[in-house]
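>
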Amino acid sequence: MTIRKTTSFFVLLFLLAAAIIAVFPIYMAVLNSFKTQEEMFRSVLALPSRLHWENYSQAFHKIHMLNSTVNTVTISAIGIGGILFTASLAGYKLSRTGGKLSNAIFFLFVASMLVPFHSIMIPLSRMAKNLSVQGSTYGLALIYIGLGVNMAIFLYHGFVKSIPRELEESAQIDGCNEFQSFFRIIFPLLLPITVTIAILDFLWIWNDFLLPLLMLTDVDRYTLILSTNMLFGEYNKEWSLILAALVLTAIPVVVIYAFFQKFIMEGITEGAVKG
Amino acid sequence: MPLKRYKKYVSLLMFTAPAFLLYAVFLLIPTLGGMFYSFTDWNGLNKSYHFVGFANFAEALGEDSDFVHSLWFTLKYVVFMVVLQNAIALLLAVLIETRTRSKGFFRTVFFMPNMISIIISSFMWTFVFTQVLPQIAEKTALAFLDQSWIGNPSVSFYSILIVSLWNGVGYMLIIYLAALQGVPQHLKEAAVIDGASPFQRFLHVTVPMITHAITICFFLTLNGAFKVFEVVYGLTGGGPGRSTQVITLNIYEEAFSNNFRYGYASAKSVILFVMILIITFIQISVMKKREVEA
Chain B
1 MTIRKTTSFF
11 VLLFLLAAAI
21 IAVFPIYMAV
31 LNSFKTQEEM
41 FRSVLALPSR
51 LHWENYSQAF
61 HKIHMLNSTV
71 NTVTISAIGI
81 GGILFTASLA
91 GYKLSRTGGK
101 LSNAIFFLFV
111 ASMLVPFHSI
121 MIPLSRMAKN
131 LSVQGSTYGL
141 ALIYIGLGVN
151 MAIFLYHGFV
161 KSIPRELEES
171 AQIDGCNEFQ
181 SFFRIIFPLL
191 LPITVTIAIL
201 DFLWIWNDFL
211 LPLLMLTDVD
221 RYTLILSTNM
231 LFGEYNKEWS
241 LILAALVLTA
251 IPVVVIYAFF
261 QKFIMEGITE
271 GAVKG
Chain F
276 MPLKRYKKYV
286 SLLMFTAPAF
296 LLYAVFLLIP
306 TLGGMFYSFT
316 DWNGLNKSYH
326 FVGFANFAEA
336 LGEDSDFVHS
346 LWFTLKYVVF
356 MVVLQNAIAL
366 LLAVLIETRT
376 RSKGFFRTVF
386 FMPNMISIII
396 SSFMWTFVFT
406 QVLPQIAEKT
416 ALAFLDQSWI
426 GNPSVSFYSI
436 LIVSLWNGVG
446 YMLIIYLAAL
456 QGVPQHLKEA
466 AVIDGASPFQ
476 RFLHVTVPMI
486 THAITICFFL
496 TLNGAFKVFE
506 VVYGLTGGGP
516 GRSTQVITLN
526 IYEEAFSNNF
536 RYGYASAKSV
546 ILFVMILIIT
556 FIQISVMKKR
566 EVEA
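Those protein sequences? They're chains B and F, same order as listed. For the first sequence, the numbering used here begins at 1 and goes up steadily by one. For the second sequence, the numbering used here begins at 276 and goes up steadily by one.
Right, here's the structure in full:
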């Protein structure tokens, strides 16, 4: 028994060491975001003499925190809402309909999941320019829908198979048309996979960097991450300010993580198993 | 019954049209367009362009030493990432699985870095690499920490790796943990009774039972590693010079910040796409064969 106990102790020690590495950069960022530049140069590890909140108020203004957050929320909400709405309709119908046309459309969606974003970013930015959606918050949200529906359709398509056809047949006998029976009977039953898709797409859109970088030109339209990226470039080496901005940008996701941890982890596992 | 078939098609189109329209405009047409332009000398500004056949591909792979370098750099990164990300995630998952009370705690901690966007992560690590580690090295005996983590290309490869792993391991960890929970307890117990050592149990009972998860995680890490962009952009910007440039960054610079050679940059994108396609295909077909049913 003692051998087992020692092993267990060393496993715990190892995990704790790994956990410290995982937390270390975040701890460093938070700790030093409350210091002045001089305090930082004296010691990065020491506690701040007092909490220099002014770093935060400065960063808050410099990254246009409120405005950037509103932009990010708008893009995420429209993007996710649009993906869920259009993909659930399409995934459901493609799953229920047989035949060559239906299979061909489904194949087209699924095959495109392998296309790397970097392979389409050039023509995509041309397309956005031609349709004059470049620089627009709503335009960017529309692009997210276009890029995100393939995976969502794939996941809905698989999930719909587990729902018995009799449900919508009986609804139609009761006088529902196809759309009514979908929204009243089927869509509520899709809730588990809807949550999964919403979470995966939220993590993607909220944290995305390159697409907004290519699409948004106006500082007023910047997402949180773009504003922070701009600040990082402009205030090179002013670490107290940069770190405060980094912490501010990370706070929304960490809060969401704290509340929805269980759903996020389930969402990732579900998405991976089905994919 | 032509009317019924007609109705079937109308309803199919009505349900799929909204998704398909946006998909076609922002994904399908750009994909095909990129392939088309890769055979032209289009510069993105002029209306006219000429077909140049495979000249762009020949130039990219034959004469463009920066691109070829970025290709090798990316491949090296892919190999390190696929091995390390899976090995670390699986190791941590197996160890966490043995804990009873602290399981949830460790899962939460190890997954947390994944929630922070990669670009923000690399800014945080830039601070650690340029300010924190040199200072710790100066004040303690840990002199090896005083590296030119970002300025020296042979070191910054590992800096890029460290940040990518820090950010990415948590995701794989979650998938492996879920898979480990699906390994039937009676199989492990039977192996214990048969006298298998913990390592043998892991190799002959656990691994075969989680091959599905291993296939998925290899697929995800392989795909993700080829498309690496943010870490390098945030940490080194591809520098010094172009020494740490990855394929995606090379394409980005070619198209958006250098000389606007859209046709040429498109050819590079197609090369990236084809490479990912081939390697993913090989990986899936090799690993699928090894999966066993519970």
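Glycine included, each C-beta is placed from N, C-alpha and C at the ideal position.
According to DSSP, is B/T223 helix, strand or coil?
Reduced to three states, the DSSP call for B/T223 is coil.
> Closer than 9 Å by beta-carbon distance: list the chain F residues that pair up with B/L211, in chain order.
None at all; the shortest Cβ gap to chain F is about 10 Å.
> Compare the Cα-Cα distances from B/L66 to each of B/N130, B/G81, B/S227, B/P212 and report the closest residue.
If we check each option's Cα against that of B/L66, B/S227 comes out closest.
> If you compare alpha carbons, which of F/G516, F/V384, F/V482 is closest to B/A283?
What the structure shows of chain B is the stretch from 1 to 275, and residue 283 of chain B is not part of that stretch, so it cannot be assessed.
> What did DSSP end up calling F/F326 once you bin it into helix, strand or coil?
Reduced to three states, the DSSP call for F/F326 is strand.
> Helix or strand or just coil, what does DSSP make of F/T315?
Here F/T315 sits in strand by DSSP.
> Compute the Euclidean distance between the alpha carbons of F/A569 and F/M484, then round it to the nearest angstrom.
In this prediction, F/A569 has a pLDDT of 43, which is less than 50 and means its spatial position is unreliable; what the coordinates show is noted afterwards. Distance between the alpha carbons of F/A569 and F/M484: 7 Å.
> Using the Cα positions of B/G175 and F/R280, report the straight-line distance between them to the nearest angstrom.
Whole-angstrom Cα-Cα distance: 21 Å.
> Can you tell me whether DSSP reads B/I145 as helix, strand or coil?
Here B/I145 sits in helix by DSSP.
> Please list the terminal residues of the continuous alpha helix (DSSP H) segment that includes F/L408.
First-last of the alpha helix (DSSP H) with F/L408: 408–414.
> Quick one: complete beta strand (DSSP E) runs, 3+ long, within the segment 503–543 of chain F?
List check, beta strand (DSSP E) in window: nothing returned.
> Around the C-beta of F/G426, are 16 or more other C-beta atoms found within 10 angstroms, so that it is buried, or is it exposed?
By the neighbour-count rule (16 or more Cβ atoms within 10 Å), F/G426 is not buried but exposed.
> For chain B, find out if any of its Cβ atoms is closer than 8 Å to the Cβ of F/W400; answer yes or no.
Yes, F/W400 counts as interfacial toward chain B.
> When you compare the CB of F/G309 with every CB in chain B, is at least one pair closer than 8 Å?
With 8 Å as the cut-off, F/G309 counts as an interface residue toward chain B.
> Applying the 10 Å Cβ sphere with the 16-neighbour rule, what's the burial state of F/N389?
So F/N389 ends up on the buried side.
> Would you identify the three-state DSSP class for B/C176, choosing helix, strand or coil?
In the structure shown, B/C176 sits in coil (DSSP, three-state: anything other than H, G, I, E or B).
> Tell me where the alpha helix (DSSP H) around B/V115 begins and ends.
Element bounds for B/V115: n/a, residue is neither H nor E.
> Would you say the segment 83–92 of chain B touches the segment 288–299 of chain F, given that touching needs at least three Cβ pairs under 8 Å?
Touching, yes.
> Measuring alpha carbon to alpha carbon, tell me which of F/A416, F/Q520, F/R374, F/L336 ends up nearest B/F14.
The residue with the shortest Cα to Cα distance from B/F14 is F/R374.
> Would a check of beta-carbon distances place F/K378 closer than 8 Å to chain B?
Not one chain B Cβ lies under 8 Å of F/K378.
> For the alpha helix (DSSP H) containing F/A471, list its first residue and its last residue.
Here F/A471 belongs to no alpha helix (DSSP H), and DSSP marks it neither H nor E.
> Which of helix, strand or coil does DSSP assign to F/W424?
F/W424 falls in the coil class under three-state DSSP.
> B/E238 by DSSP, collapsed to three states: which one?
B/E238 falls in the coil class under three-state DSSP.
> I'd like to know if B/K310 contacts chain F, where contact means its C-beta is closer than 8 Å to some C-beta of that chain.
Here chain B comprises residues numbered 1 to 275, so residue 310 of chain B is not present and cannot be evaluated.
> DSSP state of B/T217, grouped into three classes?
If DSSP states are grouped into helix, strand and coil, B/T217 belongs with coil.
> What would DSSP say about F/L320, mapped onto helix, strand or coil?
Three-state result, F/L320: coil.
> Which residues of the segment 165–192 of chain B have a Cβ closer than 9 Å to any Cβ of chain F? Give them in chain order.
Within the segment 165–192 of chain B, the residues whose Cβ lies closer than 9 Å to some Cβ of chain F are E178, F179, F182, listed in chain order.
> Could you tell me which of B/N177, B/G158, B/L84, B/F24 sits nearest to F/N442, measuring between CA atoms?
Closest by alpha carbon: B/F24.
> If we cut at 8 Å on Cβ distances, does F/E464 have a partner in chain B?
No, no contact with chain B.
> In chain B, which residues lie with their C-beta within 7 Å of the C-beta of F/S392?
In chain order: N207, F209, I225.
> With a 10 Å radius around its C-beta and 16 neighbouring C-beta atoms as the bar for buried, classify F/V467 as buried or exposed.
Answer is exposed; the Cβ neighbour count stays below 16.
> Taking only three categories from DSSP, how would you classify F/S429?
Of the three classes helix, strand and coil, the one that applies to F/S429 here is helix, per DSSP.
> Taking the CB atoms as reference points, tell me whether B/I242 and F/F398 lie closer together than 8 Å.
Against a cut-off of 8 Å, the Cβ pair of F/F398 and B/I242 comes out as a contact.
> Taking 8 Å as the CB-CB limit, is F/L297 close to chain B?
Yes, contact with chain B.
> Rounded to whole angstroms, what is the Cα-Cα separation between F/I491 and B/V273?
When rounded, the distance between both Cα atoms is 8 Å.
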